Amino acid sequence: MRVLIVTDIWQTHDHGVGHLLVELTRELQQIGHSVTVVQPGAFACWPLGSAAPRWVAWPGDRLRRLMDEARPDAVHIATQGPLGWAARRHCLRRRWPFSSASHVDTAGWLAAHRVMPLGWADALLRRFHQPSSAVLVSSPALLHRLRTLAWDRLHDWSIGVDTRLFRLADPPLADRALGPLARPVSLYVGPVAHEREVEAFLDLDVPGSKLVCGDGPQALSLRQRHPNVHWLGVLPRHDLARIYQAADVLVYPGRQDGAGRVVLEAMACGTPVAARPVDGPLQRVADRGGALDDDLLAAWHAALRQPRHQVHAHAQAFSWSRAAAEFVQRLPAIPAHRRGRSVQPALHSMVSR
1 MRVLIVTDIW QTHDHGVGHL LVELTRELQQ IGHSVTVVQP GAFACWPLGS
51 AAPRWVAWPG DRLRRLMDEA RPDAVHIATQ GPLGWAARRH CLRRRWPFSS
101 ASHVDTAGWL AAHRVMPLGW ADALLRRFHQ PSSAVLVSSP ALLHRLRTLA
151 WDRLHDWSIG VDTRLFRLAD PPLADRALGP LARPVSLYVG PVAHEREVEA
201 FLDLDVPGSK LVCGDGPQAL SLRQRHPNVH WLGVLPRHDL ARIYQAADVL
251 VYPGRQDGAG RVVLEAMACG TPVAARPVDG PLQRVADRGG ALDDDLLAAW
301 HAALRQPRHQ VHAHAQAFSW SRAAAEFVQR LPAIPAHRRG RSVQPALHSM
351 VSR
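Under our numbering, the first residue of the sequence shown carries the number 1, and numbering increases by one thereafter.
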């Protein structure tokens with residue numbers, strides 16, 4: 001099957017949705033599908049801030065040409081930025097059915113950052129997804145919220161984790177990744193931004209060492225206030241896997257959705273998760289992947305008691321092979337007579353291989 005994915009966010013953005021789409025694309029290719037990804041690297045972009053991904057300025061004719069040249073059997077619109085809206089318009093013009101996705105509570109984010117009132121944001125996103133044949137939602141709480149708003153064609157879709165890269169390691173091998181750090185080792189992975197409440201992790205009164213993997217607008221000031229914390233910045237995926245394997249507990253201090261990928265990666269390495277019981281992918285941690293408690297310190301102590309082999313086993317239910325199979329099942333097929341002109345594809349997949 002020729003699958004076309006359109007996204008405003010890609011792997012270069014250090015964004016969870018970008019990494020999710022890269023992993024999904026690789027898995028689809030491995031099981032025999034031809035995947036074309038139309039992403040911001042093909043267009044003129046401008047930044048929206050230090051913590052934001054790049055956004056497309058003028059997708060215009062180039063986007064339409066790329067979509068037509070792909071001659072897809074199915075289209076998935078992954079985001080609701082300028083590329084997503086332009087792809088939606090083109091699908092409607094071509095009478096192509098498409099699927100779409102809602103991975104995070106975008107309306108809640110827009111309202112919280114005072115971009116627009118919640119009701120307006122809900123109405124805008126509802127309009128975006130209304131023509132979609134299937135709206136894939138990766139957050140249980142968001143799925144429930146959208147159902148209360150009477151959205152149509154919603155489907156629960158659990159994201160996956162690369163269980164080949166993120167896996168259990170022998171203790172001596174894992175220890176070499178960190179060197180002589182005091183145990184237990186507490187880890188935070190993700191943006192160093194106000195909404196992630198990283199300072200709550202840094203202020204935890206726990207023994208051992210603390211590591212932060214990530215960067216963001218608060219990184220400089222927090223480094224200055226917490227010089228005893230080990231700041232590793234943004235790491236390549238293979239290096240990050242070794243850090244997960246060596247850590248004793250992953251702490252997610254935030255109260256907002258958005259940690260699904262990080263949580264699953266840590267669990268796949270056998271590292272238990274300590275977090276607050278917020279809505280979203282963290283709900284999938286349950287009792288076997290760590291501990292959820294409004295008291296982050298209590299969650300930290302409870303998570304440390306979780307056996308690593310049990311945490312690892314729980315994560316195996318979230319493989320990308322399963323997630324990709326579910327994704328393909330939800331893709332609506334484009335009728336052959338509507339797949340566009342017979343042209344030579346000038347630009348195929350923009351995926352890094």
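A virtual CB, placed ideally from N, CA and C, is assigned to each residue, including glycine. For clarity, every value in this text was computed on a predicted model and none was experimentally measured.
In the three-state DSSP reduction, ALA74 falls in the strand class (E or B). Taking 8 angstroms as the upper bound for CB-CB distance, SER100 and HIS144 are not in contact here, some 18 angstroms apart. Short of 8 angstroms from the beta carbon of ASN228, and not among the five residues preceding or following it, lie these beta carbons of its own chain, in chain order: LYS210. Three or more beta-carbon pairs separated by less than 8 angstroms link the region 139 to 157 to the region 103 to 121, which places the two stretches in contact. Closest option to LEU250, judged by alpha-carbon separation, among GLY190, SER186 and ASP295: SER186. For LEU304, the enclosing alpha helix (DSSP H) covers residues 296 to 304.
When rounded, the separation of the alpha-carbon atoms in ASP205 and ASP295 is 12 angstroms. Remark: C-beta atoms of ALA78 and LEU63 do not approach each other more closely than 8 angstroms. HIS337 sits in a helix when the DSSP states are folded into three classes. Nearest C-alpha to VAL135 among ALA123, PRO117 and TRP157: TRP157. Note: VAL38 is bridge-paired with VAL6 in the DSSP secondary-structure output. In the three-state scheme derived from DSSP, where H, G and I count as helix and E and B as strand, TRP120 is classed as helix.
In summary, LEU21 is buried, with 16 or more beta-carbon neighbours lying within 10 Å of its beta-carbon over all protein chains present. Sequence-distant partners of GLN316 (beyond 5 residues in either direction) whose C-beta falls short of 7 angstroms from its own C-beta, in its chain, are THR163. Judged by DSSP in its simplified three-state form, ALA247 adopts coil rather than helix or strand.
If you draw a straight line from the Cα of ASP8 to the Cα of GLN218, it is about 24 angstroms long. For the pair of segments examined, the region 262 to 269 was found to touch the region 301 to 314: the number of CB pairs separated by less than 8 angstroms reaches three. Counted as a single uninterrupted DSSP element, the beta strand (DSSP E) harbouring GLY290 occupies residues 290 to 292. Here VAL273 is not near ALA247, since their CB atoms are 8 angstroms or more apart.
The region 136 to 178 contains, as complete beta strand (DSSP E) runs of 3+ residues, the segments 154 to 156 (chain order). Excluding its 5 nearest sequence neighbours in each direction, ALA200 has C-beta neighbours in its own chain below 7 angstroms: PRO253 and LEU296, listed in chain order. In the three-state reduction of the DSSP assignment, TRP109 falls in the helix class. Linking PHE166 to ALA241 through their CA atoms gives a straight-line distance of about 6 angstroms. Boundaries around VAL17 are those of the alpha helix (DSSP H), 16 to 30, since no beta strand (DSSP E) includes it. In the three-state scheme derived from DSSP, where H, G and I count as helix and E and B as strand, SER102 is classed as strand. Residue environment analysis places ILE243 among the buried positions, since at least 16 neighbouring C-beta atoms fall within 10 angstroms of its C-beta.
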